[in-house]
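Colleague:
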């Protein structure tokens, strides 16, 4: 069998990108997982606990503040001393696509997004946490350097795959490449509708507590205006402490949950809230597999996973007024859990794995390597 290296940015928490990476590992049995930094627990969840290799030491302080290393990660990825291989498969939302094995085997990249804080989210950073004139000028210099490094890293890839037309358009504009569309997998068998179709009247936000990317602050502020309603927030991240400090009593923080716990929360939620512009976003599909509707911002990958009026509703502006109005007008009892669940079945993992192996075989054959089925 060909030797396959699966490269991922970070195994710091088990989020959507890590779920996709777990499927990459499953698609190529025996493949090795290499990450810039990570935790043993997350590697175990990804199914590679016995064959994962972090570049940086797995120290808790480093992992808590790993985002501060952003300026050096492109250089670390380029200098990464990986073993020789027949195929490199990267799962990248930042830096993994810049890694390569010394014998230069074919490189297949499943790109979740170009580096967000210097591309799609650059405006939010420069007008938000970096709005002061001196900081904005410094960020502009940093942004130009990182964009150049990111484009250079992209030239290292033989074929890009991505999850949605939204991300495909970004890759076309940013890197000048055409990415093949391979919708991400969702282990829909882990999620089930509540047999009675009942819910407990509380809404749910699930995801990394990161601003401005995931926008959990919008949820907190919306429920400040809706004191008669309740929301549970599942997840952890750098914004958690501040959000807990300012949250009203009707907002409950659950912390980081395992997949089974998230599935339990989803199937009994009044609705799942999705206020971010994600490149794809697995949460709406997981909610659908649980038979519950989604209240999503009308942008990004949600446009490809939520059917307005059938599996959820969209709100038009990414602000507190718009989200509050959508929640206030929402009727949790006006939905058919079975129809919502049927919508999620199209994301079963086996189709994803077959598509990956087909793309990998094409690259291997074209480079005179034996195919995966050889």
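Numbering (this note's numbering), first residue to last: 8 to 381.
We treat Cβ as the ideally placed atom computed from N, Cα and C, and that holds for glycine.
For residue 67, which three-state DSSP category applies?
Modeller: Position 60 of the chain shown, counting from 1, holds the residue named residue 67. Residue 67 falls in the helix class under three-state DSSP.
Colleague: Can you grab the Cα-Cα spacing for the pair residue 69 / residue 24, in whole Å?
Modeller: Taking the chain shown and counting its residues from 1, one reaches residue 69 at position 62. Taking the chain shown and counting its residues from 1, one reaches residue 24 at position 17. Taking the straight line joining both Cα atoms gives about 20 Å.
Colleague: Since I believe residue 264 is in contact with residue 272 (beta carbons under 8 Å), could you give me their beta-carbon distance rounded to a whole number of angstroms?
Modeller: Here residue 272 is taken as the residue at index 265 of the chain shown, counted from 1. Here residue 264 is taken as the residue at index 257 of the chain shown, counted from 1. Sure, about 7 Å apart at Cβ, within 8 Å.
Colleague: Quick check: what's the CA-CA separation for residue 202 versus residue 274?
Modeller: Taking the chain shown and counting its residues from 1, one reaches residue 202 at position 195. Taking the chain shown and counting its residues from 1, one reaches residue 274 at position 267. Spanning the two alpha carbons is a distance of roughly 9 Å.
Colleague: Give every residue of the same chain whose Cβ lies closer than 7 Å to the Cβ of residue 364, excluding the five residues on either side of it in the sequence, and list them in chain order.
Modeller: Looking up residue 364 in the chain shown gives position 357. Excluding positions up to five away in sequence, the list reads 34 and 379.
Colleague: Give the list of continuous alpha helix (DSSP H) stretches no shorter than 4 residues that lie fully inside the stretch 226 to 311.
Modeller: List check, alpha helix (DSSP H) in window: 247 to 253, 266 to 274 and 290 to 296.
Colleague: Once you ignore the five residues that flank residue 50 on each side, which residues in its own chain have a CB closer than 6 Å to its CB?
Modeller: Along the chain shown, read from residue 1 onward, the residue named residue 50 stands at position 43. The residues are 18, 56 and 59.
Colleague: Report back the beta-carbon spacing between residue 13 and residue 98 to the nearest angstrom; my notes put them in contact at under 8 Å.
Modeller: In the chain shown, the residue the question calls residue 13 occupies position 6. In the chain shown, the residue the question calls residue 98 occupies position 91. Between residue 98 and residue 13 the Cβ distance is about 7 Å, and since that is below 8 Å, they are a contact.
Colleague: Which residue's Cα is closest to the Cα of residue 117: 181, 171 and 65?
Modeller: On the chain shown, position 110 is the one that residue 117 refers to. Among 181, 171 and 65, the Cα nearest to that of residue 117 is on 171.
Colleague: By the 10 Å Cβ neighbour count, where 16 or more other Cβ atoms means buried, how is residue 208 classified, buried or exposed?
Modeller: By one-based count along the chain shown, residue 208 stands at place 201. When all chains shown are included, residue 208 counts as exposed.
Colleague: Quick check: the Cα distance between residue 361 and residue 93, rounded to an integer number of angstroms?
Modeller: Sequence index remark: in the chain shown, residue 361 carries index 354 (1-based). Sequence index remark: in the chain shown, residue 93 carries index 86 (1-based). The straight-line gap from Cα to Cα measures roughly 19 Å.
Colleague: Find out if the Cβ-Cβ distance for the pair residue 284, residue 294 is shorter than 7 Å.
Modeller: For the purposes of this step, residue 284 is taken as the residue at position 277 of the chain shown. For the purposes of this step, residue 294 is taken as the residue at position 287 of the chain shown. Not a contact, by the Cβ cut-off of 7 Å.
Colleague: Output the boundary residues of the beta strand (DSSP E) element that contains residue 45.
Modeller: Looking up residue 45 in the chain shown gives position 38. Taken as a continuous stretch (DSSP letters only), the beta strand (DSSP E) holding residue 45 covers 39 to 45.
Colleague: CB-CB under 7 Å to residue 356, same chain, minus the five flanking residues each way: which ones, in chain order?
Modeller: Translated into positions along the chain shown, residue 356 becomes position 349. The answer, listed in chain order, is 30, 192 and 194.
Colleague: Out of 96, 312, 221 and 268, which has the shortest C-alpha to C-alpha gap to residue 349?
Modeller: Position 342 of the chain shown, counting from 1, holds the residue named residue 349. If we check each option's Cα against that of residue 349, 312 comes out closest.
Colleague: So, using beta-carbon positions, are residue 314 and residue 229 closer together than 7 Å?
Modeller: Taking the chain shown and counting its residues from 1, the one referred to as residue 314 is at position 307. Taking the chain shown and counting its residues from 1, the one referred to as residue 229 is at position 222. Not a contact, by the Cβ cut-off of 7 Å.
Colleague: May I have the straight-line CA-CA distance separating residue 215 from residue 123, to the nearest angstrom?
Modeller: Taking the first residue of the chain shown as position 1, residue 215 is located at position 208. Taking the first residue of the chain shown as position 1, residue 123 is located at position 116. The straight-line gap from Cα to Cα measures roughly 15 Å.
Colleague: Could you tell me which of 217, 206, 149 and 125 sits nearest to residue 177, measuring between CA atoms?
Modeller: As a working mapping, residue 177 is identified with position 170 in the chain shown. Cα-wise, what sits closest to residue 177 is 125.
Colleague: For my contact list, residue 304 and residue 321 are in at a C-beta cut-off of 8 Å; report their separation, rounded to the angstrom.
Modeller: Translated into positions along the chain shown, residue 304 becomes position 297. Translated into positions along the chain shown, residue 321 becomes position 314. Correct: roughly 7 Å between the Cβ atoms.
Colleague: Going by beta-carbon coordinates alone, are residue 115 and residue 158 separated by less than 7 Å?
Modeller: The count along the chain shown starts at 1 and reaches residue 115 at position 108. The count along the chain shown starts at 1 and reaches residue 158 at position 151. Not a contact, by the Cβ cut-off of 7 Å.
Colleague: Can you tell me which residues form a DSSP beta bridge with residue 169?
Modeller: If you number the chain shown from 1, residue 169 lands on position 162. Per DSSP, 188.
Colleague: Do residue 95 and residue 121 count as a contact pair if the criterion is CB distance below 7 Å?
Modeller: One-based indexing of the chain shown puts residue 121 at position 114. One-based indexing of the chain shown puts residue 95 at position 88. No. Outside cutoff.
Colleague: Helix or strand or just coil, what does DSSP make of residue 94?
Modeller: Looking up residue 94 in the chain shown gives position 87. Three-state DSSP puts residue 94 in a strand.
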